[in-house]
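Numbering (my numbering), first residue to last: 37 to 481.
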């Protein structure tokens, strides 16, 4: 068994001791924690074309309230502590806390010294910038990260900052004052959790940020909720083995340190990829893209396709981590096989969110079309004037004019409605009459 799979199973076993039905989230947590260990302790990078990749990954879990997300992240926090990876927990994104602040006293002193000619601005060893969490920590836990997925006053600011921070290399840029704009490199990963938000699909469609992180959307069935409640009622307590978590982290660190030492001795600067691995990645991405093309179309497909492209970097990062743990420095097809389930969880979560929205729109559209057929039920073959039909539908359904026009046009295109044009006796445009297509049958109300 590959060490990547073995260690992931060990990690998940600890998660399952404190958090029921969060096995998939445990896989995401393990992947992010491992990415930070490799990023910190393994010097060679991944060469992908002209791009040089490091290993950092981030994750967002969306699931119902009281589903054990917090308990699962406790295991990750203990693991990171054992691996000497600095982390911090936060519940809100503020410029001062996340990005940093300016020490006004030092800034004032520096300005005075430069003004008096005591030193040049370049030579002055006074830095008024106080970096925030994005500089000081490698992992930031966003508990109840509603602000990341619900559009609000500060949401766009969050996305703009985090998108650059999570890129390779990670950079934080923010102009807090005219004289002292903050700019620094960051090695941060994000682990965010929040309860299920029914409008998340809209944010997915509008923000490229979610192409940069692993996303997992999970639901809890009534049966699972009952088992969870029963376990809590039976005084289900924290059964994690602290010593086991520390030993797991130590074993993984030993693998990474040994690999780093060997690469240093061999003067290896980059992890290589094999032709078989490249073919495996191509096939994996191709299969997901084909699935999307089969089940989606139009704007929904346009939104989904970039996620497959964004997955390519994630696959290479995880594949490289799998190889490193096995003391190999070329990503093989086996490594791609080891990580394809995690990519599947991610892409399926995204597709399910968009699909749910498509089904919701389809159901609503079918209801509108059925109501329109009811309005036309008593209309003969001659039909009703189109403008009159638009007015009636607006009144009956409470929709705006453009929406009504689009619905009627779609019903004409799919054959549910027929259009008859009657040319006036004099000059002018032909009048259009709409009638139901009795040969196609009525839509059910």
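Using N, Cα and C, we set each Cβ at its ideal position, and we do this for glycine too. All values derive from a computational prediction rather than experimental measurement.
Three-state class that DSSP yields for residue i in the structure shown
i: residue 53; result: coil
i: residue 308; result: strand
i: residue 381; result: helix
i: residue 37; result: coil
i: residue 239; result: helix
i: residue 71; result: helix
i: residue 358; result: helix
i: residue 81; result: strand
i: residue 119; result: coil
i: residue 205; result: coil
i: residue 168; result: coil
i: residue 181; result: coil
i: residue 249; result: coil
i: residue 104; result: coil
Proximity below 9 Å, CB of residue i to CB of residue j
i: residue 81; j: residue 305; result: yes
i: residue 105; j: residue 309; result: no
i: residue 11; j: residue 470; result: With the chain represented from 37 up to 481, any question about residue 11 goes unanswered, as that position is not in the structure.
i: residue 493; j: residue 365; result: Absent from the structure is residue 493, since the part of the chain shown begins at 37 and ends at 481.
i: residue 207; j: residue 226; result: no
i: residue 204; j: residue 88; result: yes
i: residue 61; j: residue 99; result: yes
i: residue 378; j: residue 115; result: no
i: residue 251; j: residue 92; result: no
i: residue 325; j: residue 118; result: no
i: residue 14; j: residue 269; result: Coverage of the chain is limited to positions 37 through 481, which leaves residue 14 absent and any answer about it impossible.
i: residue 317; j: residue 348; result: yes
i: residue 354; j: residue 340; result: no
i: residue 290; j: residue 38; result: no
i: residue 482; j: residue 139; result: In the structure displayed, the chain extends from 37 to 481; residue 482 sits before or after that span and is not available.
i: residue 358; j: residue 40; result: yes
Bounding residues of the beta strand (DSSP E) (the contiguous stretch that carries residue i)
i: residue 97; result: 95-98
i: residue 177; result: 175-178
i: residue 220; result: 217-222
i: residue 412; result: It is not in any beta strand (DSSP E) - residue 412 carries neither H nor E in the DSSP assignment.
i: residue 137; result: 136-138
Cα-Cα separation between residue i and residue j, rounded to whole angstroms
i: residue 202; j: residue 423; result: 53 Å
i: residue 254; j: residue 137; result: 37 Å
i: residue 480; j: residue 407; result: The predicted model places residue 480 with a pLDDT of 43, which falls under 50 and marks its position as unreliable; any figure quoted below should be read in that light. Whole-angstrom Cα-Cα distance: 9 Å.
i: residue 373; j: residue 264; result: 32 Å
i: residue 388; j: residue 330; result: 14 Å
i: residue 343; j: residue 445; result: 32 Å
i: residue 376; j: residue 473; result: 49 Å
i: residue 410; j: residue 391; result: 28 Å
i: residue 323; j: residue 419; result: 48 Å
i: residue 246; j: residue 338; result: 15 Å
i: residue 421; j: residue 402; result: 23 Å
i: residue 426; j: residue 465; result: 18 Å
i: residue 257; j: residue 458; result: 57 Å
i: residue 96; j: residue 231; result: 11 Å
i: residue 125; j: residue 332; result: 38 Å
i: residue 86; j: residue 307; result: 14 Å
i: residue 352; j: residue 413; result: 59 Å
i: residue 55; j: residue 405; result: 45 Å
i: residue 382; j: residue 437; result: 39 Å
i: residue 107; j: residue 66; result: 14 Å
i: residue 197; j: residue 135; result: 9 Å
i: residue 133; j: residue 179; result: 15 Å
i: residue 194; j: residue 173; result: 17 Å
i: residue 266; j: residue 279; result: 28 Å
i: residue 111; j: residue 129; result: 23 Å
Residue interval of the alpha helix (DSSP H) (run including residue i)
i: residue 264; result: 258-269
i: residue 284; result: 278-301
i: residue 225; result: No alpha helix (DSSP H) holds residue 225; the beta strand (DSSP E) holding it covers 225-230.
i: residue 126; result: Note, residue 126: premise wrong, no alpha helix (DSSP H); beta strand (DSSP E) at 123-126.
i: residue 86; result: Element bounds for residue 86: n/a, residue is neither H nor E.
Sequence ranges, alpha helix (DSSP H) only - wholly within the segment 418-481, length at least 4: 422-433, 437-449
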